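Colleague: Residue numbers in the sequence shown follow full-length UniProt numbering, run continuously in steps of one, and reach 452 at the last position.
The beta-carbon is built from N, C-alpha and C at its ideal position, and this holds for glycine as well.
Since this is a predicted model, take the numbers as computed values, not measurements.
Sending over a structure as structure tokens; questions will come in a sec.
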Amino acid sequence: SFYFEKMNSENRPVCLLCTECISVCKEYNLRRHFKTTHANFDTTFPLGSDARRHKICGLTSCYEQRRRTLFRACTEQERAMSASLRVAWILGKKKREFTDAETVKECMLASIEEVTDEKTQNSLIDSIKKIPLSDTSTIRRKETLALDICETLLDKLRKAELMSLAVDESTDNSNLAQLCLYVRFFDGEFFREDQLGLIHLVGQATGEVLFNTIVTFFGENQLDLERINMLVGGCETMDCVIAIINFIRCTSSLQLNAFKRKLTLFSADLCPGKILHFPTLRKSDLQITDVMTRFIDALKNTFATRFDHFSIPTEVMRFVNDPFCGGEFSSKAKELVMSLNEASLQLKLIDIRSSEDLQQSFQLAGSEKFWTHEVSHEKFSHSRSLVLFILTMFGSTYTCKSLFSHMKAIKTNNRESLSAQHLHHCMRIALTTYTPDFTALAKSKKFSFVCT
1 SFYFEKMNSE NRPVCLLCTE CISVCKEYNL RRHFKTTHAN FDTTFPLGSD ARRHKICGLT
61 SCYEQRRRTL FRACTEQERA MSASLRVAWI LGKKKREFTD AETVKECMLA SIEEVTDEKT
121 QNSLIDSIKK IPLSDTSTIR RKETLALDIC ETLLDKLRKA ELMSLAVDES TDNSNLAQLC
181 LYVRFFDGEF FREDQLGLIH LVGQATGEVL FNTIVTFFGE NQLDLERINM LVGGCETMDC
241 VIAIINFIRC TSSLQLNAFK RKLTLFSADL CPGKILHFPT LRKSDLQITD VMTRFIDALK
301 NTFATRFDHF SIPTEVMRFV NDPFCGGEFS SKAKELVMSL NEASLQLKLI DIRSSEDLQQ
361 SFQLAGSEKF WTHEVSHEKF SHSRSLVLFI LTMFGSTYTC KSLFSHMKAI KTNNRESLSA
421 QHLHHCMRIA LTTYTPDFTA LAKSKKFSFV CT
């Protein structure tokens, strides 16, 4: 009887007579507004009269028309914003400049003029023109996309059991030092590798500076340092910060062992009179076998020095690749992962190898999917933790090295003024394995819509 309608978005009553919103939907508040603001309404339009009924119908119809117009305008703005986000995302994936978005808009308009008829051409052109694709708009869109992806990654990492961290430091085209953090973890569905951070370094990049920077970054983003899966091997400082993340995963470790055996074979083969594996050297008259022998021996020593701290028992890797073959390895697994319960691991190993259902699942799913989706986390927690410890390791630091190649492709000589923050955003979009929800971002409160 007080002639109010509820707004769909905020569920607040709006007066049909003056379109004023009331903060609380209570009878007392509605009555007070009606009696004080519209005291003459009952006199002008008596209760129960046809004039009052027609007046209310007209007010209701007018309100619904305004609401539909406003909703349609907001929807068009949201679609334009979603399109703007998608264009910025594609350009970011291709490592293109911010100003290229304006070129994309010109191309779309030119294409529409050529491939559409006059009936649909005008409406399509109007829709394209509403898409904000200036360089400043593209910068803001990339910031929004990068922050959304970053928050998604951090949320997954906070829930992850283990993570491996790859660290490297280099300089961009402006000779500014950048610290790259790359992370590998299991997110509950897949093993993912993604850029965790690109941090601008000031001053000399010593081991202590790198370590403190990483600790600060983890603290600011509520990440647990205890979950980092590192095989430090007694290194007490960060002098070897690059070396300690050269983890050896299953297949790459076996390849490394094979390579070291081949070096031993080649060293013995260089003895006078043999040279079975060096046909070109056999044809040469140069006496360089001693030089080559010393080189191979030095290479063997370098490999031994670099990887001694990161060796993983062969039995453990065989268990990861095929849990139904091999012998007992619980003591070596305990040395590798101190938190394991050796007794429980021994018992559960017997249970796994005695289960026909698990054997069949392993044959159908394969090694990685078997451990992540088929093996019960509650029943075989220690076995699964050991496997995740191995599978979350990086094969090498090549990931970080390749990241700097992407960085130089983004920050070219023509973009030397690109700030460290914008460089980080561009890098995250270009390298991430996640895809944002463009429609949800367009509808979120990150943007304000002006409807006329």
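Regarding V115 and the ligand GTP, is the C-beta to nearest heavy atom distance less than 8 Å?
Modeller: The ligand GTP is absent from the structure shown, which contains no ligand whatsoever.
Colleague: What residues are listed by DSSP as bridge partners for R192?
Modeller: For the purposes of this step, residue 192 is identified with residue 192 of the sequence shown, where counting begins at 1. DSSP, once it has assigned bridges, lists F185 as partnering R192.
Colleague: Can you pull the DSSP bridge partners for L124?
Modeller: Here residue 124 is taken as the residue at index 124 of the sequence shown, counted from 1. BP columns for L124 are empty, so no partner.
Colleague: Quick check: what's the CA-CA separation for S111 versus K119?
Modeller: The count along the sequence shown starts at 1 and reaches residue 111 at position 111. The count along the sequence shown starts at 1 and reaches residue 119 at position 119. Cα to Cα, the separation comes out at about 15 Å.
Colleague: By a C-beta neighbour count over all protein chains shown, 10 Å radius and 16 as the cutoff for buried, is Q204 buried or exposed?
Modeller: Looking up residue 204 in the sequence shown gives position 204. Exposed: under 16 other Cβ atoms inside 10 Å.
Colleague: So the beta strand (DSSP E) T314 belongs to, where does it begin and stop?
Modeller: As a first step, residue 314 is located in the sequence shown; it is residue number 314 there, counting from the start. Where T314 is concerned, there is no enclosing beta strand (DSSP E), although the alpha helix (DSSP H) it sits in stretches over 314-321.
Colleague: Less than 6 Å between C-beta atoms, sequence neighbours within five positions excluded: which residues of the same chain meet that for residue 459?
Modeller: This structure gives no information on residue 459, because the portion of the chain shown stretches from 1 to 452.
Colleague: S376: which of T280, F278, L109, D357 sits nearest, CA to CA?
Modeller: Position 376 of the sequence shown, counting from 1, holds the residue named residue 376. With distances taken between Cα atoms, S376 lies closest to D357.
Colleague: I'd like the ranges of any alpha helix (DSSP H) spanning at least 4 consecutive residues and lying wholly in the region 372-422.
Modeller: 381-391, 398-410
Colleague: For L270 and T280, what's the separation of their Cα atoms in angstroms?
Modeller: Residue 270 sits at position 270 when you count from the first residue of the sequence shown. Residue 280 sits at position 280 when you count from the first residue of the sequence shown. Cα-Cα distance, rounded: 13 Å.
Colleague: Pick out whichever of R140, T60, L124, Y63 has its Cα sitting closest to the Cα of T99.
Modeller: By 1-based counting over the sequence shown, the position of residue 99 is 99. For the residues R140, T60, L124, Y63, the minimum Cα distance to T99 belongs to R140.
Colleague: For M108, count the other beta carbons within 10 Å of its own beta carbon; 16 or more makes it buried, fewer makes it exposed. Which is it?
Modeller: In the sequence shown, residue 108 corresponds to position 108, counting from 1. Classification for M108: buried.
Colleague: Quick one: is P436 buried, meaning 16 or more other Cβ sit within 10 Å of its Cβ, or exposed?
Modeller: Your numbering for residue 436 matches position 436 in the sequence shown. With 16 or more other Cβ atoms within 10 Å, it is buried.
Colleague: Would you kindly work out how many angstroms separate the C-alpha atoms of residue 453 and Q363, rounded to a whole number?
Modeller: Any question about residue 453 goes unanswered here, given that the chain covers just 1 to 452.
Colleague: Output yes if chain D places a C-beta closer than 9 Å to the C-beta of E169; else output no.
Modeller: Protein chain content of the structure displayed is limited to a single chain, and chain D is not contained in it.
Colleague: Only counting runs of 4 or more residues, tell me where the alpha helix (DSSP H) segments fall wholly within the region 329-378, in order along the chain.
Modeller: 330-336, 342-353, 356-365
Colleague: Give me the residue from N341, R261, R184 with the minimum Cα distance to A160.
Modeller: Position 160 of the sequence shown holds residue 160. For the residues N341, R261, R184, the minimum Cα distance to A160 belongs to R184.
Colleague: Per DSSP, what kind of secondary structure is E102 in: helix, strand or coil?
Modeller: Here residue 102 refers to the residue found at position 102 of the sequence shown. Residue state, collapsed to three classes: helix.
Colleague: By DSSP's criteria, I228 is part of a beta bridge. Which residues make up the other side?
Modeller: By 1-based counting over the sequence shown, the position of residue 228 is 228. Beta-bridge pairing links I228 to M163.
Colleague: Can you tell me which of the three DSSP states I199 falls into?
Modeller: For the purposes of this step, residue 199 is identified with residue 199 of the sequence shown, where counting begins at 1. If DSSP states are grouped into helix, strand and coil, I199 belongs with the strands.
Colleague: Identify which residue in H33, S164, E78 has its Cα closest to the Cα of S444.
Modeller: In the sequence shown, residue 444 corresponds to position 444, counting from 1. It is E78.
Colleague: What residues in its chain sit with their C-beta under 7 Å from that of F370, if we drop five residues either side in the sequence?
Modeller: As a first step, residue 370 is located in the sequence shown; it is residue number 370 there, counting from the start. Here the set comprises S361, F362.
Colleague: Given that a residue counts as buried once 16 or more other Cβ atoms are within 10 Å of its Cβ, and exposed if not, what is T216?
Modeller: Position 216 of the sequence shown, counted from the first residue, corresponds to residue 216. Result: exposed.
Colleague: Which of helix, strand or coil does DSSP assign to D42?
Modeller: Walking along the sequence shown from the start, residue 42 turns up at place 42. The answer is helix: DSSP assigns D42 an H, G or I state.
Colleague: Here's a check: name, in chain order, each residue in its chain whose Cβ is nearer than 7 Å to the Cβ of K334, leaving out the five neighbours to either side.
Modeller: Translated into the one-based positions of the sequence shown, residue 334 becomes position 334. The residues are L340, E342.
Colleague: In three-state terms, what does DSSP make of C57?
Modeller: Locating residue 57 in the sequence shown gives position 57, counting from the first residue. Helix, per DSSP.
Colleague: Checking 9 Å against the spacing of the C-beta atoms, do L431 and Q178 come in under that value?
Modeller: Reading the sequence shown from its first residue, position 431 is the one you call residue 431. Reading the sequence shown from its first residue, position 178 is the one you call residue 178. No, these two residues do not count as a Cβ contact at 9 Å.
Colleague: So V115 packs on V87, CB below 8 Å; how close in whole Å?
Modeller: As a first step, residue 115 must be located in the sequence shown, where it is residue number 115. As a first step, residue 87 must be located in the sequence shown, where it is residue number 87. With a Cβ gap of about 19 Å, V115 and V87 do not count as contacting.
Colleague: Where does E169 fall in DSSP's three states?
Modeller: Residue 169 sits at position 169 when you count from the first residue of the sequence shown. Here E169 sits in strand by DSSP.
Colleague: Cβ of F394 within 9 Å of Cβ of L336?
Modeller: In the sequence shown, counting from the first residue as 1, residue 394 sits at position 394. In the sequence shown, counting from the first residue as 1, residue 336 sits at position 336. Going by C-beta atoms, F394 is not nearer than 9 Å to L336.
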